[in-house]
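Residue numbers (our numbering): 296 to 748.
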Amino acid sequence: MDGEGGGGLKPMDSEQLREYGHQMVDFIADYYKNIENYPVLSQVEPGYLRRLLPDAAPNQPESLQNVLDDVQSKILPGVTHWQSPNFYAYYPSNSSVAGFLGEMLSAAINMVGFSWITSPAATELEMIVLDWLGKLLKLPQEFLSPGHGGGVIQGTASEAVLVVLLAARDKTLRRVGKSALGKLVVYGSDQTHSALQKACQIGGVHPENCRLLKTDSSTNYALPPEIVSEAISHDISIGLIPFFLCGTVGTTSSATVDPLYSLGKIAKSNDMWFHVDAAYAGSACICPEYRKYLDGVEEADSFNMNAHKWFLTNFDCSTLWVKDRNALIQSLSTNPEFLKNKASQANLVVDYKDWQIPLGRRFRSLKLWMVLRLYGVENLQHYLRNHIELAKYFEECVGQDSRFEALSGMYTLRFAVGAPLTERRHIAAAWKVLQDEASTLLGTPLQDNGNPS
Ligand code: PLP
Numbered sequence: 296m297d298g299e300g301g302g303g304l305k306p307m308d309s310e311q312l313r314e315y316g317h318q319m320v321d322f323i324a325d326y327y328k329n330i331e332n333y334p335v336l337s338q339v340e341p342g343y344l345r346r347l348l349p350d351a352a353p354n355q356p357e358s359l360q361n362v363l364d365d366v367q368s369k370i371l372p373g374v375t376h377w378q379s380p381n382f383y384a385y386y387p388s389n390s391s392v393a394g395f396l397g398e399m400l401s402a403a404i405n406m407v408g409f410s411w412i413t414s415p416a417a418t419e420l421e422m423i424v425l426d427w428l429g430k431l432l433k434l435p436q437e438f439l440s441p442g443h444g445g446g447v448i449q450g451t452a453s454e455a456v457l458v459v460l461l462a463a464r465d466k467t468l469r470r471v472g473k474s475a476l477g478k479l480v481v482y483g484s485d486q487t488h489s490a491l492q493k494a495c496q497i498g499g500v501h502p503e504n505c506r507l508l509k510t511d512s513s514t515n516y517a518l519p520p521e522i523v524s525e526a527i528s529h530d531i532s533i534g535l536i537p538f539f540l541c542g543t544v545g546t547t548s549s550a551t552v553d554p555l556y557s558l559g560k561i562a563k564s565n566d567m568w569f570h571v572d573a574a575y576a577g578s579a580c581i582c583p584e585y586r587k588y589l590d591g592v593e594e595a596d597s598f599n600m601n602a603h604k605w606f607l608t609n610f611d612c613s614t615l616w617v618k619d620r621n622a623l624i625q626s627l628s629t630n631p632e633f634l635k636n637k638a639s640q641a642n643l644v645v646d647y648k649d650w651q652i653p654l655g656r657r658f659r660s661l662k663l664w665m666v667l668r669l670y671g672v673e674n675l676q677h678y679l680r681n682h683i684e685l686a687k688y689f690e691e692c693v694g695q696d697s698r699f700e701a702l703s704g705m706y707t708l709r710f711a712v713g714a715p716l717t718e719r720r721h722i723a724a725a726w727k728v729l730q731d732e733a734s735t736l737l738g739t740p741l742q743d744n745g746n747p748s
């Protein structure tokens, strides 16, 4: 860095930003243009990068072109290309032009919006955009900001479940006394994301009090309410205190939907907090025909969906709604002298620092706002429906090959469609790879008509 004539980058200079920014955008656009040419899974060996990069940072500035050359030749080979149309692992992590532009703008403003006063627009836009999305998902009114609840953007679904678990824990401990921490019990299923277990670990819930109830194919791996009721009754009978139940809409292994309404009723009748994790599948529920999967969410205390998974919003953007924001604030608020300000003191504003673990927070609502505005609801619905059609097409392909079936307890291949660039031809190519592998393994080559011999 040299502002005085060495020719390097200044800390900030609008003309340099314009020049280098254009160069970077070109680089990124070319990356996307050629993304199909990369192997989806990085082919490097552990430690590969240390062998390619110097031991220490350079004393003198280098050119952006040099750095980009290194990105091309040394970094990209070590990247697994999540945005490739041929990526079907885990769940998707969508980027989009709109999301990307929102990220750029957020990086440009680069404020740290922990309290309303630190950038009123950041807090207010987040409240508005989460109300927009909450309405699109037809969440009950209590989840929206005009009442006692509201939405907040967390980094991840794991943070979302952690903060609501802490809120629920403290709410229960206020009722039963702090010394009862060791008696608190959490319920989910063996399909619930491990984020729940991690939240328990952090939240001081004894590991043996985290009940991951067994599911099986008879309920399509959904959590049966009777099993939950039985477990709760048993725990109460031995002096334990059930306080938190997590239901999932779109489990990580198989996208199963738990029976929200019944689970919510059970939670309510036992004074428990009911959290709904729709990290992946929640997005689809902006389509009227899939909204049914959220039926029963009105019984929940909190609801979470990752806009960064399947909603064209670049990572990270995990949207969380709660009905009782005070429960969060009571657990997570701190109020040191240096953060005091008139608006907060007068209780006129939301200070999102009290709804999350860290103090600092990014202006993430910009990218979600951009996605909603630059695509519009109809296009977003179309985008989601198209992926569902592609997944059905894959299912059809599987159904036509007698060597494949969906069966519990068997070796399974999980295939998650949802990358922004995926088209029917990519699915067909992936299916061909699977069929060819099956032919090699089973010695049953395909005939000319595409059926196994
Ligand atoms: N919940 C579900 C249902 C998920 O599928 C995932 C990740 O795939 C998570 C939670 C965790 O997400 P995050 O990485 O945002 O913590």
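Cβ coordinates follow ideal geometry from the N, Cα and C atoms, glycine included. As the structure is a computational prediction, the values presented were derived from the model and not from experiment.
Would glutamate 765 be called buried (16 or more neighbouring beta carbons within 10 Å of its own) or exposed? This structure does not reach residue 765, given that the chain is present from 296 up to 748, and the question cannot be answered.
Taking C-beta to C-beta, are valine 617 and valine 447 nearer than 9 Å? yes
Looking at C-alpha atoms only, which residue of Ser697, Asp364, Ile370 and Lys587 is the closest neighbour of arginine 345? The residue with the shortest Cα to Cα distance from arginine 345 is Ile370.
What residues in its chain sit with their C-beta under 7 Å from that of alanine 455, if we drop five residues either side in the sequence? Gln449, Asn599, Ser613 and Leu615
Grouping DSSP H, G and I as helix and E and B as strand, with all else coil, what is cysteine 692? helix
How many Å lie between tyrosine 315 and methionine 399 at the Cα? 13 Å
Tell me whether phenylalanine 395 sits in a helix, a strand or coil according to DSSP, three-state version. helix
Let me check one thing: in DSSP terms, what residues is proline 537 bridge-paired to? Val480
On the DSSP letters alone, give me the boundaries of the alpha helix (DSSP H) that tryptophan 726 sits inside. Counting along the chain, the unbroken alpha helix (DSSP H) around tryptophan 726 starts and ends at 719-737.
Does the distance between the C-beta of aspartate 292 and the nearest non-hydrogen atom of the ligand PLP fall short of 8 Å? The structure shown has nothing for residue 292, since the chain only spans 296 to 748.
Mind pulling the alpha helix (DSSP H) runs of 4 or more residues that sit fully within the segment 626-703? Counting only runs of 4 or more, we get 637-640 and 660-694.
Measure the C-alpha to C-alpha separation of aspartate 362 and leucine 304 and round it to an integer number of angstroms. What sits at residue 362 in the sequence shown is valine, not aspartate. Using only the alpha carbons, I get a separation of about 13 Å.
Counting along the chain, where does the beta strand (DSSP E) carrying histidine 317 start and finish? Where histidine 317 is concerned, there is no enclosing beta strand (DSSP E), although the alpha helix (DSSP H) it sits in stretches over 309-328.
Closest to valine 459 by C-alpha separation, out of Leu627, Gly713 and Leu661, would be which residue? Leu627
Would you say aspartate 611 and arginine 659 are within 9 Å of each other, going by their C-beta atoms? yes
Could you give the C-beta distance for histidine 603 and serine 388, rounded to a whole number, given that I count them as a contact under 8 Å? Rounded, the Cβ-Cβ distance is 6 Å, consistent with contact.
Closest Cα partner of tyrosine 670 within the set Val335, Glu357 and Phe395: Phe395
Completely contained alpha helix (DSSP H) runs for the segment 466-518, where each covers 4 or more residues: 490-498
Report the option in Val424, Lys478 and Cys580 whose CA atom is closest to the CA atom of glutamine 676. Cys580
Kindly indicate the opening and closing residues of the alpha helix (DSSP H) around glutamine 355. Segment: none, glutamine 355 is in no alpha helix (DSSP H) and carries neither H nor E.
Could you pull out every residue in the same chain whose Cβ sits closer than 6 Å to the Cβ of valine 480, ignoring the five residues on either side in sequence? Cβ-Cβ distances below 6 Å link valine 480 to Asn504, Asp530, Leu535 and Pro537 in the same chain, with the five nearest sequence neighbours on each side left out; the list follows chain order.
Less than 6 Å between C-beta atoms, sequence neighbours within five positions excluded: which residues of the same chain meet that for threonine 467? Phe538
Around the Cβ of valine 320, are there at least 16 other Cβ atoms within 10 angstroms (buried) or fewer (exposed)? exposed
Do asparagine 601 and the ligand PLP come close, with the Cβ less than 8 Å from some heavy atom? yes
Closer than 8 Å to a non-hydrogen atom of the ligand PLP - does that hold for the CB of valine 458? no
Give a yes or no on whether the C-beta atoms belonging to serine 337 and valine 374 are separated by under 9 Å. yes
Using a Cβ distance threshold of 8 Å, determine whether the segment 405-419 contacts the segment 576-596, with at least three qualifying pairs required. no
Closer than 8 Å: is that where the CB of serine 401 sits relative to any heavy atom of the ligand PLP? no
Just the C-alpha distance for serine 513 and leucine 476, rounded to the nearest angstrom, thanks. 35 Å
Grab the span of the alpha helix (DSSP H) containing tryptophan 377 for me, first residue to last. First-last for tryptophan 377: undefined, no H or E at that position.
Measuring from the CB of threonine 510, is there a heavy atom of the ligand PLP at a distance below 8 Å? no
Own chain partners of isoleucine 330 with C-beta closer than 8 Å, once the 5 adjacent residues on each side are dropped: His376, Gln378, Ser379, Pro380 and Leu716
If you follow the beta strand (DSSP E) that methionine 600 is part of, which residue opens it and which one closes it? Residues 597-601.
Give me the Cα-Cα distance between glutamine 640 and alanine 574, rounded to the nearest whole angstrom. Cα to Cα, glutamine 640 sits roughly 34 Å from alanine 574.
Between which two residues does the alpha helix (DSSP H) containing aspartate 426 stretch? That run of the alpha helix (DSSP H) goes 415-431.
Check leucine 615 in the structure and name its three-state DSSP category. strand
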